[in-house]
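Shown next, in structure tokens, is the structure this report addresses.
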Amino acid sequence: MAKEEKRKKIREAAARLFAEKGFENTTTRDIAGAAGINNAALYYYFDNKEQLLYQILEEVIRTGLEKITEIEQSPQPLQEKLALILRIHTRAAIDFDKMKLLVHEQRSLSPEHRQELKERQRLYVRRLIGVLRQLRDRGEMLDLDLTACAYAFFGMVSWAYRWYRPDGKVKLEELSEIFYTIFTQGIYRERAAGTKKAKKQLKTC
0 MAKEEKRKKI REAAARLFAE KGFENTTTRD IAGAAGINNA ALYYYFDNKE QLLYQILEEV
60 IRTGLEKITE IEQSPQPLQE KLALILRIHT RAAIDFDKMK LLVHEQRSLS PEHRQELKER
120 QRLYVRRLIG VLRQLRDRGE MLDLDLTACA YAFFGMVSWA YRWYRPDGKV KLEELSEIFY
180 TIFTQGIYRE RAAGTKKAKK QLKTC
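Residue numbers (numbering that gives the first Met the number 0): 0 to 204.
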């Protein structure tokens, strides 16, 4: 097996174990056993457990950033760009092990690695904000705070890893459509009775 293939196998084994047991409770011996190698051989491919976690998360963020950048810079209509970004992020969100690590285990990284990933995630968000800004400037979107909208978008989709199951009644394509509808249209029918009055209650929060 080529070295990079072996490294990938180790990363996948580590991601499963980190998600299942937590980073702190997973040993290098656990990872080596799951990857089918001895503990000493693990250090031929990775310096330590933290480096493994960093490379797992870095790959997730880098892959997503490359895809969202390509979409943002494409000549496609803006609404199609938004739909594509949502579909890509939905697919990433249901990679349960890695999304769980992305949400909960960045704190286990070194300060330097944590800061590096945080900066890349901010760039990821800025790509979406760029699409939303164009939609707003063209009058196709309400005049809302773009940063709040972007984080609402990612928050809604990212949390799917907690409850979504591929073998459930909602299929991936339908899930993407549900998210897209909620984000772009809301859940109420046009001029649904009581919505204006209900909205006033938000001002009492």
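Built from N, CA and C at the ideal position, the CB exists for glycine as well.
*Residues near K97 by beta carbon distance below 7 Å, same chain, minus five either side*: Cβ neighbours of K97 beyond the five flanking positions: A14, I55, V59.
*How close, in whole Å, do the beta carbons of V124 and A149 come, if the pair is a contact with beta carbons under 8 Å?*
A149 and V124 do touch by the CB rule: their CB atoms are close to 5 Å apart, below 8 Å.
*Determine, using beta carbons only, whether L108 and Y53 come nearer to each other than 8 Å.*
Remark: C-beta atoms of L108 and Y53 approach each other more closely than 8 Å.
*Tell me where the alpha helix (DSSP H) around M98 begins and ends.*
Boundaries of the alpha helix (DSSP H) harbouring M98: 95-103, taken from the DSSP string.
_By the DSSP assignment, the alpha helix (DSSP H) with M155 in it spans what residues?_
Boundaries of the alpha helix (DSSP H) around M155: 145-157.
*Are the segment 40-50 and the segment 67-77 in contact at 8 Å, needing three or more beta carbon pairs?*
By the Cβ criterion, the segment 40-50 is not in contact with the segment 67-77, since fewer than three pairs of Cβ atoms, one from each stretch, lie closer than 8 Å.
*CA-CA distance, N47 and T27?*
So the two alpha carbons sit approximately 8 Å from each other.
*Among A91, R135, E49, the one whose alpha carbon lies nearest that of G21*: Residue E49 holds the alpha-carbon nearest to the alpha-carbon of G21 among A91, R135, E49.
*Measure the C-alpha to C-alpha separation of Y179 and T89 and round it to an integer number of angstroms.*
Y179 and T89: Cα-Cα distance of roughly 10 Å.
*asked:* The alpha helix (DSSP H) that contains N37, what's its start and end?
replied: From DSSP, N37 is part of no alpha helix (DSSP H); its letter is neither H nor E.
*Identify whether E139 lies in helix, strand or coil by the three-state DSSP scheme.*
Secondary structure at E139: coil, using DSSP grouped into helix, strand and coil.
*Taking buried to mean at least 16 other C-beta atoms within 10 Å of its own C-beta, is L122 buried or exposed?*
Flag for L122 reads exposed.
*Report all residues from its chain with a CB closer than 7 Å to the CB of R10; omit the five preceding and five following residues, and keep chain order.*
So the list reads L51, Q54, I55, once near-sequence residues are dropped.
*Rounded to a whole number of angstroms, what is the C-alpha to C-alpha distance between E23 and I67?*
Distance from the CA atom of E23 to the CA atom of I67, rounded to whole angstroms, is 32 Å.
*Would you identify the three-state DSSP class for K168, choosing helix, strand or coil?*
DSSP places K168 in coil when its eight states are reduced to three.
*asked:* For T146, which residues in the same chain have their Cβ closer than 7 Å to its Cβ, ignoring the five residues on either side in sequence?
replied: I128.
*Return helix, strand or coil for L108, following the three-state DSSP convention.*
Reduced to three states, the DSSP call for L108 is coil.
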